[in-house]
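Report on the structure given below.
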Amino acid sequence: RYRAITTSHIRNADGAYLVYDITNQNTFENIDFWLETIKKATDDNIVIYLVGNKADLIDSSNRNRRVTKEQAIQYSKFRHFQGFGECSALKNINIKETFTSFYKTLYKKNKNKLIEKTQQKINQLKILQNKHSNKNKDCC
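Whatever position you read off the sequence shown (first residue = 1), add 5 for our numbering.
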C-alpha cells in the first residue's frame, strides 16, 4: 500500500531502513522492490539497514516466524547492507540498539560530507551576517 511513494520522498537520503515483518514472508519478498526504488533515487553512499520487525510475536518454538534470522542475514550480506537487526516496535525490543548502530554507521560513512555541509552553512551564515551588518551602516 506504500508503493505510491515517489522517489522525491527518498531523494538525497543519507540512510534508509528496509523493514519487513518476520511473521510475513511477503513483506520480506518485497524488500527487493524497495531496495531498487531507493537505489534509483539515491547515490551509492546511502547507508541501508535491513530490519526484521515484530520480534515480540515469536515464541520459543518459532512457530509464528516466517522469515528465519539466518535467511535475513544471508540476504543482508548478499545485498551488501551495512547492518541487520530484529526488533519489536510495539514492545521496544532492540530498538535503541538498532538505531544506535545505524547512526554510528551513518556518521562514520558520511563524516566528511557532514563536516563539509556544516562548513557550507557556516559560510552562508557569515555572508548573511555581513549583508545584514552592511545594511545597518547605511541607515541612520
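No residue lacks a Cβ here, since even glycine has one placed at the ideal position from N, Cα and C.
- With a threshold of 16 other beta carbon atoms within 10 Å, L95 falls short and is exposed.
- Under DSSP, the beta-bridge partners assigned to F89 are L55.
- If the five residues before and after T47 are omitted, its C-beta is found closer than 6 Å to the C-beta atoms of A18, all from its own chain and listed in chain order.
- Residue state for I15 is assigned as coil, using DSSP reduced to three classes.
- According to the DSSP assignment, A46 belongs to no beta strand (DSSP E) but to the alpha helix (DSSP H) extending over I36 to A46.
- Secondary structure of D61 (DSSP, three-state): helix.
- Taking 8 Å as the upper bound for CB-CB distance, N69 and I63 are in contact here, some 6 Å apart.
- When DSSP reads this structure, I27 sits in no beta bridge, so it has no partner.
- With respect to the C-alpha of D61, the residue from Q87, D26, F86 and L111 having the closest C-alpha is D26.
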